[in-house]
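Student: In the UniProt record's numbering, the protein residues as written are 1 to 273. C-beta: ideal position from N, C-alpha, C; glycine also.
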């Protein structure tokens, strides 16, 4: 099957909850306000509890307790709150594609680690709306589960290959990399372009060279596999010439990214998982 057919398989197997679409509609409606967003979320006690825990986590580090959805909207902002709802939904999506071919808890940890590393890096270099990188980091490898579910034999062949970087092996075996498929799925879910576009073109070297969002996310992904799979990727180049062209970061910042992600990933992951 082609990339588009696998994307259709994924979107037919799992659709975004109605709450995601409704919040998006409210955000895009110039006549709506923060109270409308708060009312939508507050009718779901479970979602409310998770969002408040995330709002009070290391993701934001607010000096005062965020104790209501209304306060969360006012201090975080509607877009950031929407991103948290999508991040919470991602866990449900992962479970929808659960397969014995992949250890779901390890896959989830890797995804959250990428999200934490990307958000911290984005905030450090001063990119506005850095919270969106947490969502893109989580979702960029969703399609690994999709492929393992849809093509277990082919996926097993991919796993058994050890030569080269993961996205290089994916491209050679499937004809596309998993991030490109994840971005296409996100686009079909009608997520905003700032979420799906950097994922869709994550491994496009030309876009890494010219677009900071993509270079940053690619760097965070490389940091993740270096830290979580050191036996295979301890020597991976974090700043390829393409990434370095649009992302200038000192070694000390990367060390801080790693410290932050190592310390906080398990805590934030447990709030959603």
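Can you have a look at residue 128 and say buried or exposed, based on whether 16 or more other CB atoms are within 10 angstroms of its CB?
Tutor: The count along the chain shown starts at 1 and reaches residue 128 at position 128. By the neighbour-count rule (16 or more Cβ atoms within 10 Å), residue 128 is not buried but exposed.
Student: Anyone know if the C-beta pair for residue 179 and residue 167 falls short of 8 angstroms?
Tutor: Taking the chain shown and counting its residues from 1, the one referred to as residue 179 is at position 179. Taking the chain shown and counting its residues from 1, the one referred to as residue 167 is at position 167. Their beta carbons are under 8 angstroms apart, which means residue 179 touches residue 167 by this criterion.
Student: Give the C-beta separation of residue 208 and residue 215 to the nearest angstrom, bearing in mind that I take them to be a contact with Cβ-Cβ under 8 angstroms.
Tutor: Along the chain shown, read from residue 1 onward, the residue named residue 208 stands at position 208. Along the chain shown, read from residue 1 onward, the residue named residue 215 stands at position 215. Indeed they touch by this definition, with Cβ atoms about 5 angstroms apart.
Student: May I ask which residues mark the beginning and end of the alpha helix (DSSP H) holding residue 177?
Tutor: On the chain shown, position 177 is the one that residue 177 refers to. Per DSSP, residue 177 belongs to no alpha helix (DSSP H) and is neither H nor E.
Student: Given a cut-off of 8 angstroms, decide if residue 159 and residue 182 are closer than it, judged by their beta-carbon atoms.
Tutor: For the purposes of this step, residue 182 is taken as residue 182 along the chain shown, with counting starting at 1. For the purposes of this step, residue 159 is taken as residue 159 along the chain shown, with counting starting at 1. Taking 8 angstroms as the Cβ cut-off, residue 182 and residue 159 do not qualify as a contacting pair.
Student: Select from 226, 268 and 245 the residue whose C-alpha is nearest the C-alpha of residue 254.
Tutor: Taking the first residue of the chain shown as position 1, residue 254 is located at position 254. Selected option, being the one with the closest Cα: 226.
Student: Assuming contact is defined by CB atoms lying nearer than 8 angstroms, are residue 261 and residue 117 in contact in what I supplied?
Tutor: Sequence index remark: in the chain shown, residue 261 carries index 261 (1-based). Sequence index remark: in the chain shown, residue 117 carries index 117 (1-based). Yes, they are a contact pair.
Student: Applying the 10 Å Cβ sphere with the 16-neighbour rule, what's the burial state of residue 119?
Tutor: Position 119 of the chain shown, counted from the start, is the residue given in the question as residue 119. So residue 119 counts as buried.
Student: Return the Cβ separation of residue 42 and residue 23 in integer angstroms, given the expectation that the two are a contact with Cβ distance under 8 angstroms.
Tutor: Along the chain shown, one-based indexing puts residue 42 at 42. Along the chain shown, one-based indexing puts residue 23 at 23. That belief does not hold up - the Cβ atoms of residue 42 and residue 23 are roughly 12 angstroms apart, past 8 angstroms.
Student: Are there 16 or more other CB atoms within 10 angstroms of the CB of residue 149, so buried, or fewer, so exposed?
Tutor: Taking the first residue of the chain shown as position 1, residue 149 is located at position 149. Buried: at least 16 other Cβ atoms inside 10 Å.
Student: Mind checking whether residue 145 and residue 102 have CB atoms under 8 angstroms apart?
Tutor: On the chain shown, position 145 is the one that residue 145 refers to. On the chain shown, position 102 is the one that residue 102 refers to. For residue 145 and residue 102, yes; Cβs fall inside 8 angstroms.
Student: Buried or exposed for residue 252, going by 16 or more other Cβ atoms inside 10 Å?
Tutor: Taking the first residue of the chain shown as position 1, residue 252 is located at position 252. Result: exposed.
Student: Tell me whether residue 203 is buried or exposed, calling it buried when 16 or more other Cβ atoms sit within 10 Å of its Cβ.
Tutor: For the purposes of this step, residue 203 is taken as residue 203 along the chain shown, with counting starting at 1. By the neighbour-count rule (16 or more Cβ atoms within 10 Å), residue 203 is buried.
Student: In the DSSP assignment, find the unbroken alpha helix (DSSP H) run with residue 31 in it and report its ends.
Tutor: Numbered from 1 along the chain shown, position 31 holds the residue referred to as residue 31. Premise fails: residue 31 is in no alpha helix (DSSP H) and is neither H nor E.
Student: Taking just the CA atoms, how far does residue 242 sit from residue 212?
Tutor: The count along the chain shown starts at 1 and reaches residue 212 at position 212. The count along the chain shown starts at 1 and reaches residue 242 at position 242. If you take the alpha carbons of residue 212 and residue 242, they lie about 10 angstroms apart.
Student: By Cβ distance below 8 angstroms, which residues in the same chain neighbour residue 44 in space, the five residues on each side in sequence not counted?
Tutor: Here residue 44 refers to the residue found at position 44 of the chain shown. Within the same chain, residue 44 has close Cβ partners 19.
Student: Spatial neighbours of residue 66 within its chain, please: CB distance less than 7 angstroms, with the 5 preceding and 5 following residues excluded, ordered by chain position.
Tutor: Taking the chain shown and counting its residues from 1, the one referred to as residue 66 is at position 66. Counting only Cβ-Cβ distances below 7 angstroms, and skipping sequence neighbours, we find 52, 55, 56, 72 and 75.
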